[in-house]
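Just below is one structure, and these are the notes that go with it.
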Amino acid sequence: MPRDIRLRALFWQTGTVLLLLALWQWAAVAHPAPYLPSLKPVALAYLSLLKPGNFMDTVFPSLSRLAVGFGVAVALGTVVGIALGYLRWLDPWIRPVLEYLRFVPTVAILPAALLLFGATDTMRIFVIAFGSVFPVLLAAIDGARRGNTLLLDVARVLKFSLAEKLFRVVLPGALPSIFAGVRIALSIGLVMMVISELIAANDGLGFYILRNQRLFQTANVYAGVLMLGTIGLILTLGLLSIEKRVLAWHRGWRGLSDARS
Numbered sequence: 037m038p039r040d041i042r043l044r045a046l047f048w049q050t051g052t053v054l055l056l057l058a059l060w061q062w063a064a065v066a067h068p069a070p071y072l073p074s075l076k077p078v079a080l081a082y083l084s085l086l087k088p089g090n091f092m093d094t095v096f097p098s099l100s101r102l103a104v105g106f107g108v109a110v111a112l113g114t115v116v117g118i119a120l121g122y123l124r125w126l127d128p129w130i131r132p133v134l135e136y137l138r139f140v141p142t143v144a145i146l147p148a149a150l151l152l153f154g155a156t157d158t159m160r161i162f163v164i165a166f167g168s169v170f171p172v173l174l175a176a177i178d179g180a181r182r183g184n185t186l187l188l189d190v191a192r193v194l195k196f197s198l199a200e201k202l203f204r205v206v207l208p209g210a211l212p213s214i215f216a217g218v219r220i221a222l223s224i225g226l227v228m229m230v231i232s233e234l235i236a237a238n239d240g241l242g243f244y245i246l247r248n249q250r251l252f253q254t255a256n257v258y259a260g261v262l263m264l265g266t267i268g269l270i271l272t273l274g275l276l277s278i279e280k281r282v283l284a285w286h287r288g289w290r291g292l293s294d295a296r297s
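Letter by letter, the sequence shown follows residues 37 to 297 in the numbering used here.
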């Protein structure tokens with residue numbers, strides 16, 4: 037992207053954020069209400085969350101659960117999705133179960149997970165993984181089935197083993213679809229992280245927000261919500277950076293294909 041376009045985009049993005057903050061401050065001053073604090077106490081509460089002690093007690097537990105649950109979802113969704121997409125004879129055996137589970141609302145699984153695992157980190161990780169796995173799984177299936185048939189034919193001629201076909205041909209071809217599913221799964225995982233911490237928790241951002249809401253500490257509530265937005269933004273930017281590096285070959289291949297057509 038040309039430098040002037042990036043600067044223009046940054047200008048409009050920054051301007052939008054500043055405008056929203058100005059409207060927030062104006063509403064808080066013009067119409068004082070206990071449920072809408074001004075920016076100063078919210079900013080102080082937000083900065084307080086970044087202090088090492090508060091960060092380790094509140095933010096880090098949430099991040100660790102999200103990392104494990106989301107990692108399990110991405111690994112499981114990719115492996116099972118690639119297998120189902122390429123080995124189509126598995127589809128009649130596994131697809132009915134997956135379709136059934138896919139339409140079970142993730143929030144509805146919370147009581148069952150609580151009964152199975154108790155109010156533990158295992159329960160919260162399970163809920164995050166369960167909610168996040170299906171976008172990755174479906175994207176991997178679709179990507180594997182839309183693979184480059186020419187490359188697969190070459191792999192057959194070269195007598196690649198099944199593992200070589202999956203890891204050297206099918207998986208790279210499915211990666212663009214998988215990354216699209218991973219981006220969706222990240223937002224779902226963040227939501228499920230918070231929801232799982234609203235029930236019988238003693239740490240984490242979800243617990244922090246709920247506790248301060250019960251204590252009518254509205255500035256802390258808004259600070260917790262803003263921290264969640266910050267985490268989501270940083271993780272998304274990091275994921276986009278990884279995707280850009282991993283799929284650099286894909287953009288070159290696509291550009292070459294467009295040029296030939």
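Every residue, glycine too, gets a C-beta built ideally from N, C-alpha and C.
Item to check | L151, DSSP secondary structure in three states | outcome: The answer is helix: DSSP assigns L151 an H, G or I state.
Next on the checklist: Can you check which of these residues, T114, I164, N248, L146, is closest to G217 by C-alpha distance?
Outcome noted: T114
Next on the checklist: Considering only their Cβ atoms, is the gap separating G242 from M229 smaller than 9 Å?
Outcome noted: yes
Checklist entry - What first and last residue would you give for the alpha helix (DSSP H) that runs through R247? => result 241-250
Next on the checklist: If you measure between the beta carbons of G105 and A176, is that distance less than 9 Å?
Outcome noted: no
Item to check | Beta bridge counterpart(s) of L174 as assigned by DSSP | outcome: According to DSSP, which records beta bridges pairwise, L174 is partnered with nothing at all.
Next on the checklist: Taking 9 Å as the threshold (C-beta atoms), are R138 and G240 in contact?
Outcome noted: no
Item to check | Closest Cα partner of A69 within the set M263, Q253, S277, L275 | outcome: Q253
Checklist entry - In chain order, what residues of the same chain lie with their CB nearer than 8 Å to the CB of V163, ignoring the 5 residues before and after it? => result G105, T142, I145, L146, A149, M228, I231, S232
Next on the checklist: Give me the residue from V205, W48, M92 with the minimum Cα distance to A180.
Outcome noted: Of the listed residues, the one whose Cα sits closest to A180 is V205.
Checklist entry - Are the CB atoms of G167 and A109 nearer to each other than 9 Å? => result yes
Item to check | Reference T272, options L55, I224, L251, R250, closest by Cα | outcome: Ranking the options by Cα distance to T272, first place goes to I224.
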